[in-house]
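These notes concern the structure reproduced below.
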Amino acid sequence: MELVTCEKYYKNVLEKFPELSEKQLDKIVKHGLSTLYLYNLYGGDVLLKNPKYTMYFGRLFKDNIIFAKYSKLKWKIKLRIKYRKAKTKYDGYYYFGLTEEWFEKYKSQIKHFGRKRKTFHFDYIYLYKILEECEHDQRLNHFFRIKYPEDCGFLMRKENYDIHDAEYIYRRNTKDKTIEPVSYEGNRNKCVKRRIK
């Protein structure tokens, strides 16, 4: 079997794009191939599309339930790749969300009289480095952030964890599924709702 390299087709490509030099074309092609390799290395699927063809690198499923779970996983990978590509600096915060049931338990730990309590205990909790990843879980309706001394990756699970000075920042509107600041009701003209895709 003959091994064919992309350089073999450079002459044909340059006839269609005469404004490019062979060196520029080589740089473009190699950048595209290395990017494709990296995205697959990170675990992402890649879709290349134009009016004449569609090329997909990934897995396909007949079962819609399996496909939905797979899509959710790939969405997280895409979000993390975008975070890396943007060279986003760690802002010193991790985020977590609570269901309605857990939020009631959280509120039950708040002292109603005297000094306000700042430490809250959880049997287990997931801490996310990216807020959008935390918000994507439709079971969670109340979102907090805490200061964390170091970057420990995109996701951590903590057992029997005490959280100090948690800042309640967003909540999900259960009617229209938008995310809004907790101060939304008092500042309706200043705060902007966000819809999670």
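Residues 60 to 256, numbered by this note's numbering, are exactly what the sequence shown covers, in order.
Think of the CB as a built atom: it goes at the ideal place given N, C-alpha and C, for glycine as much as any other residue.
- With contacts defined as CB atoms closer than 8 Å, Arg230 and Glu239 qualify as a contacting pair.
- In the DSSP assignment, Asn219 falls within the unbroken beta strand (DSSP E) covering Leu214 to His223.
- In this structure, the alpha-carbon of Lys86 lies about 11 Å from that of Leu79.
- For Arg198, no alpha helix (DSSP H) run applies, since DSSP gives it neither H nor E.
- Taking Lys137 as the centre and dropping the five residues before and after it, the same chain places the C-beta of Gly103 closer than 7 Å to its C-beta, in chain order.
- The C-beta distance from Glu192 to Lys135 rounds to 6 Å, short enough to meet the 8 Å contact threshold.
- When secondary structure is reduced to three states using DSSP, Val63 falls in the coil class, being assigned neither helix nor strand.
- Relative to Arg216, the option among His201, Tyr154, Asp224 and Tyr165 whose CA is nearest is Tyr154.
- Across the structure, Leu157 and Lys67 are spaced so that their CA atoms are roughly 57 Å apart.
- With fewer than 16 neighbouring CB atoms inside 10 Å of its own CB, Phe116 falls in the exposed class.
- Annotation for Gly91: the continuous alpha helix (DSSP H) segment containing it runs Glu81 to Leu100.
- Our two residues, Pro77 and Val88, have alpha carbons roughly 16 Å apart in a direct line.
- For Asn200, the closest alpha carbon among the candidates Phe126, Tyr165 and Gly151 is that of Tyr165.
- In terms of CA proximity to Phe179, Gln168 leads the group Gln168, Ile189 and Lys206.
- Judged by DSSP in its simplified three-state form, Leu107 adopts strand.
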